[in-house]
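A short write-up of the structure that comes next.
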Amino acid sequence: STVLSIETSCDETAVAIVKNRQVCSSIVNSQVAIHEQYGGVVPEVASRQHLEIINQAIALAFTQANLTWQAIDGIAVTCAPGLVGALLVGVTAAKTLAIVQQKPFIGVHHLEGHIYANYLSEPSLDPPFLSLLVSGGHTSLIYVKDCGVYETLGETRDDAAGEAFDKVARLLKLGYPGGPIIDKLAQKGNARAFLLPEGNVSQPSGGYHPYDSSFSGLKTAVLRLVQQLENTPPLPVENIAASFQESVARSLTKRAIACARDYGLNTITVGGGVAANSGLRHHLTTAATANNLRVLFPPLKFCTDNAAMIGCAAADHLDRGHTSPLTLGVQSRLPLTHVMQLYQKRD
Ligand code: ATP
Ligand code: MG
Ligand code: FE
Numbered sequence: 002s003t004v005l006s007i008e009t010s011c012d013e014t015a016v017a018i019v020k021n022r023q024v025c026s027s028i029v030n031s032q033v034a035i036h037e038q039y040g041g042v043v044p045e046v047a048s049r050q051h052l053e054i055i056n057q058a059i060a061l062a063f064t065q066a067n068l069t070w071q072a073i074d075g076i077a078v079t080c081a082p083g084l085v086g087a088l089l090v091g092v093t094a095a096k097t098l099a100i101v102q103q104k105p106f107i108g109v110h111h112l113e114g115h116i117y118a119n120y121l122s123e124p125s126l127d128p129p130f131l132s133l134l135v136s137g138g139h140t141s142l143i144y145v146k147d148c149g150v151y152e153t154l155g156e157t158r159d160d161a162a163g164e165a166f167d168k169v170a171r172l173l174k175l176g177y178p179g180g181p182i183i184d185k186l187a188q189k190g191n192a193r194a195f196l197l198p199e200g201n202v203s204q205p206s207g208g209y210h211p212y213d214s215s216f217s218g219l220k221t222a223v224l225r226l227v228q229q230l231e232n233t234p235p236l237p238v239e240n241i242a243a244s245f246q247e248s249v250a251r252s253l254t255k256r257a258i259a260c261a262r263d264y265g266l267n268t269i270t271v272g273g274g275v276a277a278n279s280g281l282r283h284h285l286t287t288a289a290t291a292n293n294l295r296v297l298f299p300p301l302k303f304c305t306d307n308a309a310m311i312g313c314a315a316a317d318h319l320d321r322g323h324t325s326p327l328t329l330g331v332q333s334r335l336p337l338t339h340v341m342q343l344y345q346k347r348d
């Protein structure tokens, strides 16, 4: 089916029209320029900005796709997790359009969207597979069993991978968001310049948890390193960035490969903003090849937040008769295992 989709969970106002796994149009309005002066996303500012441009973005999505309402089978929107005020703008717009246009309404879990980003470049992909979700708020290993059916096998105990990039960039005074800036600097640095911890999570029973990660220790290690190196300027920012990125990439690669092997899954997909990271792409691809596993990354523009991935997930749900009631609310947190709570089965 063909779906109009809206994503306003954080600081991107995004609208897309998607026909199953094919993108007809994708509009992403980033608010980065507005938030960077504060060093992070200001929720109230994000909501207001979504409200100001959402209608234009919807109109533009139709123009770019060269389609009219007649082509649309359903209206989808991210309803969880995310900033409540920001989510409400998208959900209210989608519900209003669903009523006015008399089309089915489909609420989508943001992380299910990040998983579905992989289908946009690999339409023949089918479950089961392992998904490594690495974004601003999550670092998870997800066993993808079917549309809407997920099992979380690993998580972060503290900071998310993207959050670690953002925090390290802030302590290096590099600006926001940190991921792309560190990635660029790292490519000019020596990844072996400094040895940094890989963030293992110890288990009460001894040894390390094989799939969980922790990035707060790594962040503290970078802070200590910077404090020490500040005595002998200039700061070797490129080498610090490269060594930090190396540590994150190794840590994520080790866990994803172990998990895929243990569960007998031969495909690993990666999703979320950190899926754009060149260090992670390099390490995971190399390790996957050595282990006879297939690894898929979405195109860069579908790694970070966008509405095409939301529409892609919604089209799959709609085809299965899953639609949401117009009473559906927004939720700041919602485990991926609860996705089916968003749907009622159509008769
Ligand atoms: P979530 O999806 O968990 O709700 P989010 O939507 O804010 O969080 P995304 O848009 O998926 O997160 O990703 C944004 C994050 O990705 C930021 O933390 C950013 O620094 C990071 N990021 C983007 N590009 C890169 C890159 N090339 N290398 C590393 N990190 C990156
Ligand atoms: Mg964002
Ligand atoms: Fe996201």
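So the mapping is simple: UniProt numbering equals the position in the sequence shown, first residue as 1, plus 1.
The beta-carbon is built from N, C-alpha and C at its ideal position, and this holds for glycine as well.
Note that the structure is predicted; figures quoted are calculated from it, not measured.
Taking all protein chains shown into account, decide if residue i is buried (16 or more other Cβ within 10 angstroms of its Cβ) or exposed.
{"i": "Ala81", "result": "buried"}
{"i": "Pro234", "result": "exposed"}
{"i": "Arg22", "result": "buried"}
{"i": "Pro124", "result": "exposed"}
{"i": "residue 355", "result": "What the structure shows of the chain is the stretch from 2 to 348, and residue 355 is not part of that stretch, so it cannot be assessed."}
{"i": "Asp147", "result": "exposed"}
{"i": "Gly273", "result": "buried"}
{"i": "Tyr39", "result": "exposed"}
{"i": "Glu8", "result": "buried"}
{"i": "Leu327", "result": "exposed"}
{"i": "Lys220", "result": "buried"}
{"i": "Gly207", "result": "exposed"}
{"i": "Leu301", "result": "exposed"}
{"i": "Gly330", "result": "exposed"}
{"i": "Glu37", "result": "exposed"}
Alpha carbon to alpha carbon, how far is residue i from residue j?
{"i": "Leu131", "j": "Ile143", "result": "6 Å"}
{"i": "residue 391", "j": "Ala60", "result": "Any property of residue 391 remains undetermined from this structure, which presents the chain solely from 2 to 348."}
{"i": "Ala66", "j": "Asp320", "result": "21 Å"}
{"i": "Leu112", "j": "Gly265", "result": "23 Å"}
{"i": "Leu134", "j": "Val24", "result": "21 Å"}
{"i": "Pro128", "j": "Tyr151", "result": "10 Å"}
{"i": "Pro211", "j": "Asp159", "result": "16 Å"}
{"i": "Ala250", "j": "Thr140", "result": "12 Å"}
{"i": "Ile76", "j": "Ala58", "result": "14 Å"}
{"i": "Leu297", "j": "Leu285", "result": "10 Å"}
{"i": "Asp263", "j": "Ala309", "result": "32 Å"}
{"i": "Val46", "j": "Ala34", "result": "12 Å"}
{"i": "Asp317", "j": "Val202", "result": "36 Å"}
{"i": "Ala194", "j": "Asp213", "result": "26 Å"}
{"i": "Ser136", "j": "Ala165", "result": "10 Å"}
{"i": "Ser333", "j": "Val109", "result": "13 Å"}
{"i": "Gly322", "j": "Lys104", "result": "13 Å"}
{"i": "Arg171", "j": "Asn232", "result": "19 Å"}
{"i": "Thr268", "j": "Ile241", "result": "32 Å"}
{"i": "Ala257", "j": "Asn278", "result": "15 Å"}
{"i": "Ala261", "j": "Thr69", "result": "43 Å"}
{"i": "Leu343", "j": "Gly114", "result": "14 Å"}
{"i": "Ile18", "j": "Ser2", "result": "11 Å"}
{"i": "Leu89", "j": "Gly200", "result": "36 Å"}
{"i": "Val85", "j": "Ser48", "result": "9 Å"}
{"i": "Lys189", "j": "Thr14", "result": "33 Å"}
{"i": "Gly155", "j": "Gln71", "result": "43 Å"}
{"i": "Asn56", "j": "Thr270", "result": "33 Å"}
Specify the secondary structure class of residue i as computed by DSSP and reduced to three states.
{"i": "Phe245", "result": "helix"}
{"i": "Asn119", "result": "helix"}
{"i": "Glu13", "result": "strand"}
{"i": "residue 1", "result": "As displayed, the chain neither begins before 2 nor continues past 348, which places residue 1 out of reach and without an answer."}
{"i": "Asp147", "result": "strand"}
{"i": "Arg295", "result": "strand"}
{"i": "Ile269", "result": "strand"}
{"i": "Phe63", "result": "helix"}
{"i": "Thr79", "result": "strand"}
{"i": "Tyr264", "result": "coil"}
{"i": "Asn30", "result": "strand"}
{"i": "Lys346", "result": "strand"}
{"i": "His210", "result": "coil"}
{"i": "Ser141", "result": "strand"}
{"i": "Ser203", "result": "strand"}
{"i": "Leu84", "result": "coil"}
{"i": "Val331", "result": "coil"}
{"i": "Ser132", "result": "strand"}
{"i": "Val4", "result": "strand"}
{"i": "Val109", "result": "strand"}
{"i": "Gly322", "result": "coil"}
Check whether the Cβ of residue i lies closer than 8 Å to any Cβ atom in chain B.
{"i": "Ser217", "result": "Absent from the structure is chain B; it holds one protein chain and no more."}
May I ask whether a heavy atom of ligand 5 can be found less than 7 Å away from the beta carbon of residue i?
{"i": "Asp184", "result": "Ligand 5 is absent from the structure shown, which contains only ligand 1, ligand 2 and ligand 3."}
### Task
With ligand 3 as the reference, list in chain order each residue whose Cβ lies under 5 Å from any of its heavy atoms.
Counting every residue whose Cβ lies closer than 5 Å to a heavy atom of ligand 3, we get Ser136 and Asp306.
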